[in-house]
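Residue numbers (my numbering), protein chains in the order written: chain A, 180 to 378; chain B, 180 to 378; chain C, 180 to 378; chain D, 180 to 378.
Glycine residues also receive a C-beta, built at the ideal position from the N, C-alpha and C atoms.
Encoded as structure tokens, the structure appears first; notes follow it.
4 protein chains.
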Amino acid sequence: MPKKTPLSSVETDIAKRRKAQVLDAAIECFRSRGFHQASMSQISAAAGMSSGHIYHYFKSKEDIVAGIVERGQEELSLPIAQAKKMPAGTDVASIFVAAVDEAVALHKDISFAALTMEILAEAGRNPKIADIVQRNSASLHEDLLDLFEDKSHKNRARLEICAALMEGISVRALRNPRLDADLDLDMLRDTMRHVLSST
Amino acid sequence: MPKKTPLSSVETDIAKRRKAQVLDAAIECFRSRGFHQASMSQISAAAGMSSGHIYHYFKSKEDIVAGIVERGQEELSLPIAQAKKMPAGTDVASIFVAAVDEAVALHKDISFAALTMEILAEAGRNPKIADIVQRNSASLHEDLLDLFEDKSHKNRARLEICAALMEGISVRALRNPRLDADLDLDMLRDTMRHVLSST
Amino acid sequence: MPKKTPLSSVETDIAKRRKAQVLDAAIECFRSRGFHQASMSQISAAAGMSSGHIYHYFKSKEDIVAGIVERGQEELSLPIAQAKKMPAGTDVASIFVAAVDEAVALHKDISFAALTMEILAEAGRNPKIADIVQRNSASLHEDLLDLFEDKSHKNRARLEICAALMEGISVRALRNPRLDADLDLDMLRDTMRHVLSST
Amino acid sequence: MPKKTPLSSVETDIAKRRKAQVLDAAIECFRSRGFHQASMSQISAAAGMSSGHIYHYFKSKEDIVAGIVERGQEELSLPIAQAKKMPAGTDVASIFVAAVDEAVALHKDISFAALTMEILAEAGRNPKIADIVQRNSASLHEDLLDLFEDKSHKNRARLEICAALMEGISVRALRNPRLDADLDLDMLRDTMRHVLSST
DNA sequence: TATGAATGAGTCTTCATTCAT
DNA sequence: TATGAATGAAGACTCATTCAT
């Protein structure tokens with residue numbers, strides 16, 4: 180937070196805001212149409228900007244997709260945020276269990292789930308996207324592992340199962356419109372505690 | 180050209196074979212390019228059939244997508260097949276646990292996972308596809324519930340968690356290229372048993 | 180000229196006619212606008228064919244340009260045609276000199292000259308085009324050399340000078356609108372004879 | 180910032196330098212990409228100037244093309260420069276023949292040849308450019324005719340043939356990558372002397 | 001049943017040009 | 001004088017779909 184922001188930095192700020200503006204518009208379009216169905220002209224309309232001008236900030240449509248995937252899913256690091264609110268020394272299981280409610284709320288959101296699936300499908304065939312997705316996920320998991328006593332293989336395995344469970348919620352949300360009624364949060368919490376605290 | 184079969188039925192058979200031929204080709208293309216990236220001419224090439232002729236069997240490309248989603252993922256009913264091999268009276272947990280290996284092998288296959296995500300993403304925005312996906316899933320779950328003692332809400336909840344866990348594996352496969360090393364199958368089996376047999 | 184043309188050959192013929200149709204239209208457009216100014220939609224209009232359909236015959240606009248350059252300038256082989264009309268044994272100089280009138284008429288045509296310059300300019304920066312142009316020219320010169328007693332370096336040099344002289348006429352036609360008045364055909368003929376028969 | 184020079188004149192000087200700067204950059208770009216392939220932003224980058232600012236000096240891209248053609252090819256007046264080095268009274272043929280080496284070196288340069296063809300092609304379809312090209316050529320030829328005893332039709336004709344021969348070298352350079360080996364400078368000089376001194 | 005020629009709307013992208021600063 | 005953000009009209013090319021054969 181410099182007092183006198185240098186000019187170049189101001190310009191960068193404007194550019195950043197513009198890029199964010201495009202990314203926001205793009206997310207909106209991608210959510211409702213998908214990456215390949217959303218047209219640049221729809222995105223530009225949503226961004227309140229001429230389609231040509233978008234190319235000052237992104238060199239291609241794929242670049243926008245990459246930008247979205249990159250900025251991507253910071254919401255996923257929820258348990259980490261949660262951990263910081265807990266009294267120091269709280270055990271991992273409790274931290275994760277405490278985060279379940281919010282995490283489920285996020286993952287079962289159809290709009291969130293659909294964009295996630297879109298990204299994953301793209302990652303399945305576009306190496307550039309796959310790379311971003313994988314690096315994102317890896318760095319998130321490293322952060323989460325810091326909450327554990329050690330980064331042993333066992334803890335990695337626990338994390339994988341918890342992640343699968345949670346991300347699986349997004350899949351279920353798309354497959355089962357009655358998920359809210361069918362899902363038992365207590366059971367879910369219990370399962371996570373089991374995974375994280377079994378010896 | 181069997182002598183006895185009535186003509187109309189022969190045509191139906193041929194037609195069915197042709198449709199299957201197209202669907203097979205389409206799956207192949209969709210896996211590697213995605214629904215909207217795969218072109219009708221690629222599909223027709225893969226199907227060994229002129230693109231025009233495909234329109235005798237499917238009235239549009241969306242129809243092919245629907246056809247694929249419909250026929251979709253019979254592989255998912257794995258535990259049911261498994262149940263039939265088990266001695267009558269085996270408990271549900273054991274049936275599911277016995278199916279874990281095969282189920283994981285299926286779900287962590289990148290090609291399977293990518294097509295699944297493609298379908299789910301499409302379901303997230305195309306109501307016609309959503310409908311098929313949801314009916315498929317509902318009917319599968321009804322079948323699986325038959326393995327339980329009753330169709331109580333608790334058992335539905337158990338099934339949801341198991342499903343999330345398993346489908347989450349597909350997500351993880353796309354997010355973590357080292358999933359094979361990180362995943363602990365014993366832990367997974369233990370988790371499923373816990374979910375299915377806790378009181 | 181086979182009596183019973185096989186089907187495939189008929190189809191090829193249609194395709195060939197279509198391609199020629201496109202090339203004709205393209206030449207027309209390229210002459211009046213230049214390669215990069217002529218749009219595919221102008222070409223398609225001139226060809227009486229949808230722009231999309233052109234891509235059944237040419238995989239890109241550059242391919243059309245290449246096609247034109249390739250088919251290119253058969254008119255250039257004029258002296259060879261001329262040579263065949265002369266009594267056997269006529270000396271080279273006389274053959275060339277006899278061809279001067281027609282050759283000049285061709286080269287000083289503005290429309291011919293402009294397209295030639297367009298092609299040469301493109302050859303100056305597009306290696307694919309350069310290659311075609313150079314192979315065309317090489318093969319023409321080999322044919323012309325056959326008219327000489329031998330393919331000695333001296334004869335190659337003579338040919339180069341004659342070629343420069345003749346192609347230079349196209350340049351002059353574009354530079355000097357009064358070329359017709361200024362050019363002395365007798366002097367030109369004399370020059371060529373000098374080049375070709377000096378010892 | 181010289182003290183004595185009046186302001187208006189200073190501006191003009193700066194402006195002239197700026198225009199030249201743009202033209203230099205444009206030539207560079209046009210040589211490698213062609214008139215219509217080179218973009219204003221490439222030119223502005225090469226000129227070290229914002230693209231918007233170029234419009235203070237040239238009202239359109241076509242104007243830059245015109246500027247280049249105008250300033251154009253002073254190198255062509257080579258024999259005149261040559262003539263000034265020769266003892267007064269040297270005959271025309273000798274002046275031209277003496278200039279052959281340098282002239283050929285210039286004309287066979289691919290980069291020079293390509294830009295020349297580009298200009299001529301443009302002249303073939305753009306009347307404004309044609310006009311400049313033709314006035315340039317006319318004025319050059321008037322200057323060259325001053326070297327002759329008189330401006331008779333015969334001498335004009337000689338000049339045309341010499342010009343065609345020399346400009347034809349540029350065409351040959353583009354058509355024949357082995358021109359250096361094939362061309363015989365002595366033969367060329369002999370030809371020019373023949374053209375210029377025959378009675 | 002089967003083909004593939006044909007269409008034309010739609011895609012992403014580029015670019016000359018303008019204008020607020 | 002100088003910038004570069006911004007525009008929007010093209011441009012080349014693709015593709016689902018139709019239809020004559």
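- For the region 291 to 314 of chain D, the residues whose beta carbon sits under 7 Å from a beta carbon of chain C are, in order, A292, A293, M296, E297, L299, A300, A302, G303, R304, V312, Q313.
- For K263 of chain C, the uninterrupted alpha helix (DSSP H) segment begins and ends at 257 to 264.
- Cβ-Cβ distances below 7 Å link S229 of chain B to S223 in the same chain, with the five nearest sequence neighbours on each side left out; the list follows chain order.
- Around the Cβ of E346 of chain D, a 10 Å sphere holds 16 or more other Cβ atoms; the residue is buried.
- Within chain A, the residues whose beta carbon sits less than 8 Å from that of T370 of chain B are I340, T370, H373, V374, listed in sequence order.
- Of all residues in the region 198 to 226 of chain A, only S211, R212, G213, H215, Q216 place a beta-carbon less than 7 Å from a beta-carbon of chain B.
- The beta carbon of D242 of chain B does not come within 8 Å of any beta carbon belonging to chain A, so the residue lies off that interface.
- The beta carbons of I348 of chain D and H286 of chain D sit closer together than 8 Å.
- Taking C-beta atoms as the reference points, Q261 of chain C and A278 of chain C count as a pair closer than 8 Å.
- At a cut-off of 8 Å between C-beta atoms, S256 of chain D does not count as an interface residue with respect to chain C.
- Excluding sequence positions up to five before and after D322 of chain C, its CB lies within less than 8 Å of the CB of S256, I259, all in the same chain and listed in chain order.
- Of the residues assessed, E328 of chain C falls on the exposed side of the cut-off, its CB having fewer than 16 other CB atoms within 10 angstroms.
- A residue is called buried when at least 16 other Cβ atoms come within 10 angstroms of its Cβ; S239 of chain D does not meet this threshold and is exposed.
- Closest in alpha carbon position to T378 of chain D, among D:A225, D:A272, D:A199, is D:A272.
- In this structure, A300 of chain C sits near A300 of chain D, with a CB-CB distance shorter than 8 Å.
- Using beta-carbon distances, G251 of chain A does not count as an interface residue toward chain B, since no partner is under 8 Å.
- No Cβ of chain B is located within less than 8 Å of the beta carbon of M265 of chain A.
- For A336 of chain B, a Cβ of chain A is located within less than 8 Å of the residue's own Cβ.
- Within the region 342 to 359 of chain B, contact with chain A at the beta-carbon level (separation under 8 Å) is assigned to A342, A343, L344, M345, E346, G347, I348, S349, V350, R351, L353, R354, N355, P356, L358.
- Distance between V248 of chain C and L375 of chain C, taken at the CA atoms: about 29 Å.
- Taking 8 Å as the threshold, the shortest C-beta distance from I274 of chain A to chain B does not fall below it.
- V283 of chain A is not a Cβ neighbour of R372 of chain A, given a cutoff of 8 Å.
- From the listed residues B:D361, B:A336, B:A292, B:D359, the smallest Cα separation to L364 of chain A is found for B:A336.
- For I247 of chain A, not one C-beta of chain B is nearer than 8 Å to its own C-beta.
- Across the set C:F214, C:Y236, C:G231, C:S218, the C-alpha of C:F214 shows the shortest separation from the C-alpha of A293 of chain C.
- A direct Cα-to-Cα measurement between D203 of chain D and R210 of chain D gives close to 11 Å.
- Around the beta carbon of I193 of chain D, a 10 Å sphere encloses fewer than 16 other beta carbons of the protein chains shown; the residue is thus reported as exposed.
- Take the alpha-carbon of T191 of chain A and the one of Y236 of chain A: they are about 11 Å apart.
- When DSSP states are grouped into helix, strand and coil, T370 of chain C belongs to the helix group.
- Taking every protein chain shown into account, the CB of R357 of chain B has fewer than 16 other CB atoms within 10 angstroms, so this residue is exposed.
- Closest in alpha carbon position to G268 of chain D, among D:K307, D:L326, D:R250, is D:L326.
- The beta carbons of I340 of chain C and M366 of chain D sit about 6 Å from each other, so the pair counts as a contact at 8 Å.
- Close CB contacts of G303 of chain B within its chain, under the 8 Å cut and outside five residues either way in sequence, are with A309 (chain order).
- Within chain D, the C-beta atoms nearer than 7 Å to that of I289 of chain C come from G303, in chain order.
- For a Cβ distance threshold of 8 Å, nothing in chain C lies close to M228 of chain D: the least Cβ distance comes to about 24 Å.
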